[in-house]
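*Asks:* In the working numbering, the protein residues as written are 528 to 701.
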Amino acid sequence: MSSQRTLSYAQGLILAVGVLLLLGGGMLAYELVSQAGAGPLLEGGALTDAQAEAVKVTLNLFELLMTWALAIIGATGFFLKLNVEKGLLLRPIDLFLSLAIIVAAVLSLFFGHLGIDRTAELLSLQQDPVRNLGLRQIGKLQYLSFFSAVLLFGFHIFRFFWARVLTADETGHR
């Protein structure tokens, strides 16, 4: 007889709220401490054609990853809704993986918005956003958080269905 310890509803809710509060606090702290400092100025006070194109590509990438992050949040919600409607058993791990996916996607959205805002701020200060290390760091963080959400979503789907395949094999039903 195996002893399986699970969290109560209240414990799960407290854990989820705690994670979201930490996320919000961390995002606020990062926003407050990461300001555009001194950086390379634009020569002649204007972007060259190549710099303008690089800024356009960077902004398009920020927007693309933000759009896909929103899609991942929607897909996660749809996946949970579909399982509830079909009466499939959801385990606490399903909910915690969904929370982790949403947290990673929200971080991607946060860094995307921050990157767009930082680009505008740097341009208003006549600084070169293409060579700004702070903006490049924000872009890397958005990229990493986005792909974390994608990988977690893939793992969640695989784990969810793998558990059902094993259960079906044990009972002889498909």
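Ideal Cβ placement from N, Cα and C applies to all residues, glycine included.
Between the beta-carbon of Ala676 and the beta-carbon of Ala632, is there less than 7 Å?
*Replies:* Against a cut-off of 7 Å, the Cβ pair of Ala632 and Ala676 comes out as a contact.
*Asks:* Tell me which same chain residues have a C-beta within less than 7 Å of the C-beta of Met528, skipping the five on either side of it?
*Replies:* With a pLDDT of only 44 at Met528, under the threshold of 50, the placement of this residue in the model should not be trusted; the figure read from the coordinates follows. Within the same chain, Met528 has no close Cβ partners at all.
*Asks:* Strictly by DSSP, which residues pair up with Gln654?
*Replies:* Leu568, per the DSSP bridge assignment.
*Asks:* Below 7 Å between beta carbons: does that hold for Leu549 and Val630?
*Replies:* For Leu549 and Val630, no; Cβs fall outside 7 Å.
*Asks:* For Ala596, count neighbouring Cβ atoms within 10 angstroms of its own Cβ and tell me buried if that reaches 16, exposed if not.
*Replies:* With 16 or more Cβ atoms within 10 Å of its Cβ, Ala596 is classed as buried.
*Asks:* Does DSSP classify Ala577 as helix, strand or coil?
*Replies:* Residue state, collapsed to three classes: helix.
*Asks:* Quick check on Lys583: does DSSP put it in helix, strand or coil?
*Replies:* Residue state, collapsed to three classes: helix.
*Asks:* Under the three-state reduction of DSSP, which class applies to Gln562: helix, strand or coil?
*Replies:* Three-state DSSP puts Gln562 in coil, outside helix and strand.
*Asks:* Determine contact between the region 666 to 685 and the region 636 to 652, defined as no fewer than three beta-carbon pairs at a distance below 8 Å.
*Replies:* A contact exists between the region 666 to 685 and the region 636 to 652.
*Asks:* Less than 7 Å between the C-beta atoms of Ile628 and Phe674, yes or no?
*Replies:* Their beta carbons are not under 7 Å apart, which means Ile628 does not touch Phe674 by this criterion.
*Asks:* For Arg686, name the three-state secondary structure that DSSP assigns.
*Replies:* Note: Arg686 maps to helix in three-state DSSP.
*Asks:* Give me the Cβ distance between Ala563 and Glu648, rounded to the nearest whole Å; I'm assuming they're in contact under 8 Å.
*Replies:* Yes, they are in contact, since the Cβ atoms of Ala563 and Glu648 sit about 5 Å apart, within 8 Å.
*Asks:* Under a three-way DSSP split, which group does Asn610 fall into?
*Replies:* Of the three classes helix, strand and coil, the one that applies to Asn610 here is helix, per DSSP.
*Asks:* Can you give me the Cβ contacts of Thr575 inside the same chain, cut-off strictly under 6 Å, excluding the 5 residues immediately before and after it?
*Replies:* So no residue of the chain qualifies.
*Asks:* Assign Thr594 to one of three DSSP states: helix, strand, or coil.
*Replies:* Thr594 falls in the helix class under three-state DSSP.
*Asks:* Return the Cβ separation of Gly539 and Pro656 in integer angstroms, given the expectation that the two are a contact with Cβ distance under 8 Å.
*Replies:* Incorrect: roughly 42 Å between the Cβ atoms, too far for contact.
*Asks:* Quick one: what does DSSP say Ser675 is sitting in, helix, strand or coil?
*Replies:* Three-state result, Ser675: helix.
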